[in-house]
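Chains as they are written, first to last, in my numbering: chain A, 1 to 144; chain B, 1001 to 1144.
Number of protein chains: 2
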Amino acid sequence: MFSKACEYGIKATIYIAVKSMHQERVSLKEIAEEVNSPVAFTAKILQSLAKSGIIDSHKGPTGGFQIEESRIDIIKLHDIVHAIDGDDIFNGCGLGLKQCDARQPCPVHHKFVVIRDNLKIMLQNTSLYELASGLDIGLTHLKR
Amino acid sequence: MFSKACEYGIKATIYIAVKSMHQERVSLKEIAEEVNSPVAFTAKILQSLAKSGIIDSHKGPTGGFQIEESRIDIIKLHDIVHAIDGDDIFNGCGLGLKQCDARQPCPVHHKFVVIRDNLKIMLQNTSLYELASGLDIGLTHLKR
DNA sequence: CTTATTTCGGACAAATTTATCCTAAATAAA
DNA sequence: TTTATTTAGGATAAATTTGTCCGAAATAAG
């Protein structure tokens, strides 16, 4: 459903959020360990998330990644997915047609918009805060 | 959402179904044209769909692909997707964890099962017949 | 039987995604 | 200022997916 990059990006962002809620910066190395993702590849993804303004990065000793605490419940899952995978997943045709809409639909168009709207709404309504909270209190997991 | 192979496979199968409803076999070449897919790649996909028993193939002149008419409304979109993309899309974890269930969920688990169940139900309830009918009467399109 | 047609199937190639490596740049602290 | 640490970013490699090519096998028709 999501690309590998997006999966890593979501997990990393959630982990950064948890640490940020405890006023801690966290290093790439630690993130990759806790999220079980390849270090260098994760670096690329975090780089792009930083450019998108979703996370904040700092170089040097005591550097690392963090998210401004007040923004954690403003950032939605949708923002992360959109930053990494773009909006093809939300707007593209289910059968890959260039043009496909209600007037000139592909055979699965009407069935698909329902599913995809559900997905979109879910992503837009899911805050980074609730994902991070669940992880923080041990209700959910990022490894295994 | 689906792989390219799956998109081509779905479109091809729908087209074959339309022709089959008119008691016609159809060649690879015609399918690829009508579906706007690369010929040789489409051949591979049809080959595997034939092995899965979803379509019937015949070599030689007057050969081609066809679907037994009585099976067209029994075959579901789910069968096609499953034959090509497997069941990762239905069972895999949204964040790529090897193990992820209601007892040891990833942060997005509960949100995802809802979406995925919707998708699964839709695919299981959508018959090849209704997809082919819509195309046959010009309500939907496979090109563009 | 020969020929033309069509799918089968293996090998190969291109494109994309995933992943690694290494040097540069920033920066905190001694 | 020097050193150690950490992210940035470019080059490259591996893996996967997508796509091509070509000869083999089947088969219908002359």
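Beta carbons: idealized from backbone N, C-alpha and C, even for Gly.
Cross-chain neighbours of residue i in chain A, by beta carbon under 8 Å
| i | result |
| --- | --- |
| R1144 of chain B | L97, K98, Q99, C100, Q104 |
| L1119 of chain B | I115 |
| I1014 of chain B | P107 |
Neighbour flag for residue i against chain B, beta carbons, 7 Å
| i | result |
| --- | --- |
| N91 of chain A | no |
| H22 of chain A | no |
| H141 of chain A | yes |
| L131 of chain A | yes |
| K44 of chain A | no |
| K111 of chain A | yes |
Short CB-CB distance (under 7 Å) between residue i and chain A
| i | result |
| --- | --- |
| E1007 of chain B | yes |
| K1051 of chain B | no |
| T1126 of chain B | yes |
| K1019 of chain B | no |
| K1011 of chain B | yes |
Contact list for residue i against chain B, beta-carbon separation under 8 Å
| i | result |
| --- | --- |
| L135 of chain A | P1107 |
| I74 of chain A | None at all; the shortest Cβ gap to chain B is about 17 Å. |
8 Å contact criterion, which residue i and residue j should meet: CB distance rounded
| i | j | result |
| --- | --- | --- |
| S1003 of chain B | E1069 of chain B | In fact, because the Cβ distance is near 29 Å, the residues do not count as touching under 8 Å. |
| S1048 of chain B | A1083 of chain B | 7 Å |
| T1062 of chain B | R1116 of chain B | Wrong, their Cβ atoms sit about 43 Å apart, outside the cutoff. |
| Y1008 of chain B | I1045 of chain B | 6 Å |
| V81 of chain A | L135 of chain A | 18 Å between Cβ atoms; not a contact. |
| V39 of chain A | A12 of chain A | That belief does not hold up - the Cβ atoms of V39 of chain A and A12 of chain A are roughly 11 Å apart, past 8 Å. |
| N1118 of chain B | N125 of chain A | About 15 Å separates the two Cβ atoms, so there is no contact after all. |
| I72 of chain A | Y129 of chain A | 5 Å |
Reference residue i, options the options, closest by Cα
| i | options | result |
| --- | --- | --- |
| H1141 of chain B | A:K98, A:M1, A:F65, A:N118 | A:K98 |
| F1041 of chain B | B:A1132, B:D1085, B:A1005 | B:A1005 |
| Y15 of chain A | A:G60, A:D85, A:K44, A:F65 | A:F65 |
| A1132 of chain B | B:G1086, B:K1120, B:I1075 | B:I1075 |
| M1 of chain A | A:K51, A:K143, A:K120, A:G138 | A:K120 |
Partner residues on chain B for residue i, Cβ-Cβ distance less than 9 Å
| i | result |
| --- | --- |
| G94 of chain A | M1001, F1002, E1007, I1010 |
Inter-stretch contact (C-beta, 8 Å, three-pair minimum) for the segment 1097-1110 of chain B and the segment 1050-1070 of chain B: Result no; under three Cβ-Cβ pairs closer than 8 Å.
At least three beta-carbon pairs within less than 8 Å, the segment 105-115 of chain A to the segment 81-97 of chain A: yes
Sufficient close CB pairs (3 or more, under 8 Å) joining the segment 9-20 of chain A to the segment 28-36 of chain A: yes
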